[in-house]
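K.L.:
Protein sequence lines correspond, in order, to chains A, B and C. Residue numbers for the first sequence follow numbering that gives the first Met the number 0, so the first one is 0 and each next one is one higher. Residue numbers for the second sequence follow numbering that gives the first Met the number 0, so the first one is 0 and each next one is one higher. Residue numbers for the third sequence follow numbering that gives the first Met the number 0, so the first one is 0 and each next one is one higher.
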Amino acid sequence: MNIFVKFDFNAVCEQILREKLEQLGVPYSIVGFGEVSFSKKLSDEKRNEFEVALAAYGIEIVEDQKSILVQKIKDAIIEMISADEGEINVKSSVYLADKLEHSYGYLSNLFSEVTYTSIENFIIIQKIEYAKRLIIKSDMTLTEIAFKLSYSSVAHLSTQFKNTTGITPSAFQRIIEKRRALSDLNN
Amino acid sequence: MNTDYIHIILADDDEDDRLFFTDAFDELKINTKVQTYNDGVELMDYLNAPDSVLPQVLFLDLNMPRKSGMECLEEIKADTRFKDIAIAIYSTSASEEDIENTFVQGANIYIKKPSDFKKLKKALSQVVTINWQYHTNGLNKDNFLLRL
Amino acid sequence: MPLKSLYNSNVFLKSVFAICLFLILFITGVSYKQIQDLSFSSSQVVQTYKVNVELEQIISYLKDAETGQRGFIITNDSVYLEPYLASREKINNSLATLKELTKQSDKQQENLKNLNVSIEERLENFAATYASYVKRDMDTPEFKGLFLAGKTTMDSIRSQVSNMIVLEGQKLENRRDTYKDDVRFTPIFLFVLVLLTLVLLVISYAKIQSDVKKLKRANAKLEVFKESTNKSEIIAKHGNWIWHIEDDYFEYSDNMFRLLGEEPQSFESTIENFMQFVHPDDLEKLSAQVEQMMVDEDLPFINYRIIRKSGEMRYFKARGQKVSGTDFKKKLIGTTHDITDEVENLLKLEERNFELERNNEELSAFNHVASHDLQEPLRKIQTFLSRLEDKEKNNLSDSGKQYVERIVSAATRMRLLIDDLLQFSRTNKSDQIFEASNLNHLLEEAKLDISEKIEAKKAIINAEVLPEGCVIPFQIQQLFTNILGNALKYAKEDVAPIIDVSYAKIKAKDDTRLDSQKADYYHRVVFKDNGIGFEQEYAEKIFELFNRLHNRESYSGTGIGLAICKKIVENHKGYIFASGMPNEGAVFSIFFPIDEK
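1) Any contact between the stretch 448-460 of chain C and the stretch 584-596 of chain C? By contact I mean 3 or more CB pairs, one from each, below 8 Å.
2) Any C-beta of chain B sitting closer than 8 Å to the C-beta of E59 (chain A)?
3) Any residues in the stretch 103-130 of chain A with a beta carbon nearer than 7 Å to a beta carbon of chain B? Which ones, in chain order?
4) Straight-line CA distance for K136 (chain A) to N142 (chain B)?
5) Starting from V51 (chain A) and walking both ways along the alpha helix (DSSP H), at which residues does that stretch end?
6) Compare the Cα-Cα distances from I306 (chain C) to each of C:A317, C:V294, C:D281, C:D295 and report the closest residue.
7) Give the residues of chain C in contact with K161 (chain A), contact being defined as C-beta atoms less than 8 Å apart.
8) Can you give the beta carbon distance from H522 (chain C) to P466 (chain C), rounded, assuming they're within the 8 Å contact cut?
9) Going by DSSP, what residue range makes up the beta strand (DSSP E) through G532 (chain C)?
10) For the stretch 284-361 of chain C, which segments carrying the beta strand (DSSP E) assignment without a break, of at least 3 residues, lie completely within its bounds, in sequence order?
11) Any residues in the stretch 92-118 of chain B with a beta carbon nearer than 7 Å to a beta carbon of chain C? Which ones, in chain order?
12) If contact is defined by three or more beta carbon pairs under 8 Å, each pair taking one atom from either stretch, is the stretch 454-461 of chain C in contact with the stretch 406-422 of chain C?
13) If you follow the beta strand (DSSP E) that Q34 (chain B) is part of, which residue opens it and which one closes it?
14) Along chain B, in chain order, which residues have C-beta atoms closer than 7 Å to that of I72 (chain A)?
15) Please confirm if E539 (chain C) has its CB atom under 8 Å from at least one CB of chain B.
16) What residues in the stretch 0-25 of chain B bring their beta carbon closer than 7 Å to a beta carbon of chain C?
17) Tell me where the beta strand (DSSP E) around K527 (chain C) begins and ends.
18) Would you say S169 (chain A) reaches chain C, if we count a Cβ-Cβ gap shorter than 8 Å as a contact?
19) What does the alpha-carbon distance come out to for the pair E99 (chain B) and N359 (chain C)?
20) Okay, do the stretch 187-205 of chain C and the stretch 9-17 of chain C touch, 3+ Cβ pairs below 8 Å being the bar?
21) Count the other C-beta atoms from every protein chain shown that fall within 10 angstroms of the C-beta of R179 (chain A), then say buried if there are 16 or more, exposed otherwise.
22) Determine the extent of the alpha helix (DSSP H) in which K65 (chain A) is found, giving its start and end residues.
23) Among residues of its own chain, excluding the 5 on either side of A145 (chain A), which ones have a beta-carbon nearer than 6 Å to its beta-carbon?
24) Tell me whether S501 (chain C) sits in a helix, a strand or coil according to DSSP, three-state version.
25) Roughly how many angstroms separate the alpha carbons of I575 (chain C) and G165 (chain A), rounded to a whole number?
26) Would M274 (chain C) pass as a contact of T335 (chain C) if the rule is Cβ separation under 8 Å?
27) Alpha carbon to alpha carbon, how far is I332 (chain C) from S252 (chain C)?
28) With a threshold of 8 Å, are at least 3 pairs of Cβ atoms found where one atom belongs to the stretch 105-123 of chain C and the other to the stretch 146-160 of chain C?
29) Which of helix, strand or coil does DSSP assign to A85 (chain B)?
30) I'd like the span of the beta strand (DSSP E) that includes L57 (chain B), first residue to last.
31) Which value, in whole angstroms, describes the spacing of the CA atoms of V289 (chain C) and L184 (chain A)?
32) Under a three-way DSSP split, which group does E226 (chain C) fall into?
33) Do you know offhand how far P279 (chain C)'s Cα is from M312 (chain C)'s?
34) Comparing the C-beta of R425 (chain C) with each C-beta of chain B, is any distance below 8 Å?
35) Identify the contact partners of L147 (chain B) in chain A, using a Cβ-Cβ distance below 9 Å as the criterion.
36) Are the CB atoms of Q125 (chain A) and I76 (chain A) nearer to each other than 8 Å?
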């Protein structure tokens, strides 16, 4: 007697992935198909254990030099942005090329290829995100924030903020404040 | 990118707008899966089903019969199961106050429906890209506000 | 002035009368005293004469006795002895009378006693003489001695009597002197007093006369006033009433009856009779308020309705105030006003206002719905057009392509119009919230709104520090955006736009265009540009809806932008003025009243 089965490979693979992740005992979430996100960085030991466990099912951790380098670029950019003013006096392109020992052109192409955005764009997004955090958390004025993030003027920061997010810094601040007032009201 | 596709849902009662929307994603070179619903009730029925696959980005038209976009937004924000979904309001123009109010109520994105197909494509690709940034770079989603 | 006021005061008359009364009493007293004195004096004179007469009488009796004795001696007829025998008793009587008359004078009493002794002596002498004569011998020394002694005694009596008479005369003289002194000044004094009294009475009379005149004049005025009050009550539809609370009765003015549609004083003015006119729905409320009137000193107006006997309904407004009259009885005085005409006008006005408001709302709703709902199909037309251009352009003939282009441009224009109309309708919404806002921030936001255009035109915007104000923030931002946008749109082609934004706080009185009733001070924000400007004669026209100074080909626009600005400024109870010079630039001055509460 023959019976026919139909595999949903995706479901099978996801089931295996979940089992192995549970065994690992580390907080995780499955972000999309084939991507796992850990809330903490995995130790090399755990990583090896996980790699071996998955290898039995023919599942590999995809990792190549390119994505490692991209991650390094991102880390360098975030470090560069959150540095105190005056610490980094060179252009971001020079800084990245020096730090990662590759030509900026190479880094730029690689970054776009992997992330679908440019380094410049990424820097802007990171800067604006940093500005958002400062607007919300600190009692710094927009002028001080603009200076800290090496903008030539408040207007420059405001313009870039608006071009990136579609709203102005003060509207952003207002919305966050109202959201908090609303959640205070609900609690 | 490691994912096969980005999961997107649109709730809009206008047939033409649903068509533009799906066409735009078809033409974009991003791997997406787009689901559409005709109104708020249909959408919430799907989301509230226990086995539903939740989208990464949810587009809500404001003016819908039976259940409006604002009502959906409130229900979604009240349920922690949906906390990772980025909510995009997809509507015809509203006043500045109304737009700000959608953000205050928890929307992440406000897109005024463009009157040009190219602009629509651009806007949608921007949404997906920035959402991806937030997703992959561990940015604080509470600060995710985008107006196009 | 105090004297005059004293003269006018009521106290004056009273005191004058008191003085007069006192004076008259005084004069009466003095006169009585005088008359008393006079009668006393005359009685004294009479007494003196009586004393004199009695003394003379005694002398005469003694003489009679002497004469009788002598007659007897000569004739030896006992008939002559009779006076002698009778004299003894008569003398005693006289002496008793004298004693009584002179009892007030010690000296005369003393004299009288001495006289009595002398008389006694004389009488004894008579008896002795008689006894010795009985022997009928006159030449005896005994007789002679006795006879002489009789004469001596008689002489002494005579002198004593004359002394007493003199003394009595002196007394009379003394008394007359003092009496004269008294009497000399009394008439003058009395005359002066009477004169004074008369003068005072005359003054009082004059005063009373003038008072009466004044009273009459005042009365006449009051009469006129009353008449005019009556007339004005009729014209003004007012009625007056007094409620004597303790005695519980009303006094109505004539017009009060007329207000109720009745003849003046045609029914008894009691509260029960009045309440019969009151609209049944208002009875309870009015009764409660009347009760309250008795408790509270000062009451607000009471509104109620009455129904006249003719069936006509009137609206009344009344107010009462509790007063204590001169009789210390509690009274409520009040006025009642027939406000039927006002109420009816108000109702009419309200109705018209309501209609107007509804019309306005409908119009505004229509505007909103029209512009809002028109967006949808237009957007689809435009989107399909863009699809057509993208995908099917190559399949169209040249004229087909041209048609599509025309459709696109028409649709774009329509989009512009609808967007602006929608914006305009939104500024009409009445539920906008005013909040304290920093105008500098709003200007910055406005600059961000049009940052692309500013960059494209390389415009320079110089702004002074603006104040904070209580405004509708979104609208003010829109206002700034529109004015800045306007300045950029109408910039000269070859010159980079420069926009100066200046601020001043100014007094309403310093600018005749401002209403100083609304506020004493205004914020003035001025936008000055170096654009193409305009002819001053269009300064007001440019704020009108759909009004454009330029044709569409050279400057795109809908003629709504500045109308929105005007609307926004009016929402803030402010003013916007424009002035222009062709090829020099335009100046827009915006004024917001400063609410100083």
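No residue lacks a Cβ here, since even glycine has one placed at the ideal position from N, Cα and C. Please read all numbers here as calculations on a predicted model, not as lab measurements.
P.N.:
With the structure as the only source:
1) no
2) As a position in the first sequence, residue 59 (chain A) is number 60, starting the count at 1. No, E59 (chain A) does not count as interfacial toward chain B.
3) Y115, T116, I124, E128
4) Within the first sequence, the letter at position 137 stands for residue 136 (chain A). Within the second sequence, the letter at position 143 stands for residue 142 (chain B). Their Cα atoms are separated by approximately 12 Å.
5) Numbered from its first residue, the first sequence carries residue 51 (chain A) at position 52. Per DSSP, V51 (chain A) belongs to the alpha helix (DSSP H) from 43-54.
6) In the third sequence, counting from the first residue as 1, residue 306 (chain C) sits at position 307. Comparing Cα-Cα distances from I306 (chain C) to each of C:A317, C:V294, C:D281, C:D295, the minimum goes to C:D281.
7) Numbered from 1 along the first sequence, position 162 holds the residue referred to as residue 161 (chain A). Correct list: L447, S450.
8) Sequence index remark: in the third sequence, residue 522 (chain C) carries index 523 (1-based). Sequence index remark: in the third sequence, residue 466 (chain C) carries index 467 (1-based). Correct: roughly 6 Å between the Cβ atoms.
9) On the third sequence, residue 532 (chain C) is found 533 positions in, with the first residue counted as 1. Premise fails: G532 (chain C) is in no beta strand (DSSP E) and is neither H nor E.
10) 301-306, 312-323, 329-337
11) S92, S94, E95, E96, K112, S114, D115, F116, K117
12) no
13) Indexing the second sequence from 1 puts residue 34 (chain B) at position 35. Segment 31-36, the beta strand (DSSP E) holding Q34 (chain B).
14) Mapped onto the first sequence, residue 72 (chain A) falls at position 73. Within chain B, no residue comes near I72 (chain A); the closest Cβ sits about 12 Å away, beyond 7 Å.
15) Walking along the third sequence from the start, residue 539 (chain C) turns up at place 540. It does not: the Cβ of E539 (chain C) has no partner Cβ on chain B nearer than 8 Å.
16) D15, F19
17) Numbered from its first residue, the third sequence carries residue 527 (chain C) at position 528. First-last of the beta strand (DSSP E) with K527 (chain C): 520-528.
18) In the first sequence, residue 169 (chain A) corresponds to position 170, counting from 1. Judged by the 8 Å Cβ criterion, S169 (chain A) is in contact with chain C.
19) For this step, residue 99 (chain B) is matched to residue 100 along the second sequence. For this step, residue 359 (chain C) is matched to residue 360 along the third sequence. E99 (chain B) and N359 (chain C): Cα-Cα distance of roughly 27 Å.
20) yes
21) Here the question's residue 179 (chain A) lines up with position 180 in the first sequence. That one is exposed.
22) In the first sequence, counting from the first residue as 1, residue 65 (chain A) sits at position 66. Element bounds for K65 (chain A): 64-81.
23) As a first step, residue 145 (chain A) is located in the first sequence; it is residue number 146 there, counting from the start. Taken in chain order, the residues that qualify are V153, L156.
24) Counting from 1 along the third sequence, the entry for residue 501 (chain C) is found at position 502. Here S501 (chain C) sits in strand by DSSP.
25) Stepping through the third sequence from its first residue, residue 575 (chain C) is reached at position 576. Stepping through the first sequence from its first residue, residue 165 (chain A) is reached at position 166. In a straight line, the C-alpha of I575 (chain C) is about 31 Å away from that of G165 (chain A).
26) Translated into positions along the third sequence, residue 274 (chain C) becomes position 275. Translated into positions along the third sequence, residue 335 (chain C) becomes position 336. No.
27) Translated into the one-based positions of the third sequence, residue 332 (chain C) becomes position 333. Translated into the one-based positions of the third sequence, residue 252 (chain C) becomes position 253. The straight-line gap from Cα to Cα measures roughly 11 Å.
28) yes
29) On the second sequence, position 86 is the one that residue 85 (chain B) refers to. It is a strand residue.
30) Within the second sequence, the letter at position 58 stands for residue 57 (chain B). Unbroken beta strand (DSSP E) run through L57 (chain B): 56-59.
31) Start at 1 with the first residue of the third sequence, and residue 289 (chain C) comes out as number 290. Start at 1 with the first residue of the first sequence, and residue 184 (chain A) comes out as number 185. Rounded to whole angstroms, V289 (chain C) to L184 (chain A) spans 49 Å at the Cα level.
32) Start at 1 with the first residue of the third sequence, and residue 226 (chain C) comes out as number 227. Correct three-state label for E226 (chain C): helix.
33) Taking the first residue of the third sequence as position 1, residue 279 (chain C) is located at position 280. Taking the first residue of the third sequence as position 1, residue 312 (chain C) is located at position 313. In a straight line, the C-alpha of P279 (chain C) is about 11 Å away from that of M312 (chain C).
34) On the third sequence, position 426 is the one that residue 425 (chain C) refers to. Cβ-Cβ to chain B under 8 Å: yes for R425 (chain C).
35) For this step, residue 147 (chain B) is matched to residue 148 along the second sequence. The answer, in chain order, is G165.
36) Here residue 125 (chain A) corresponds to residue number 126 of the first sequence, with the count starting at 1. Here residue 76 (chain A) corresponds to residue number 77 of the first sequence, with the count starting at 1. Taking 8 Å as the Cβ cut-off, Q125 (chain A) and I76 (chain A) qualify as a contacting pair.
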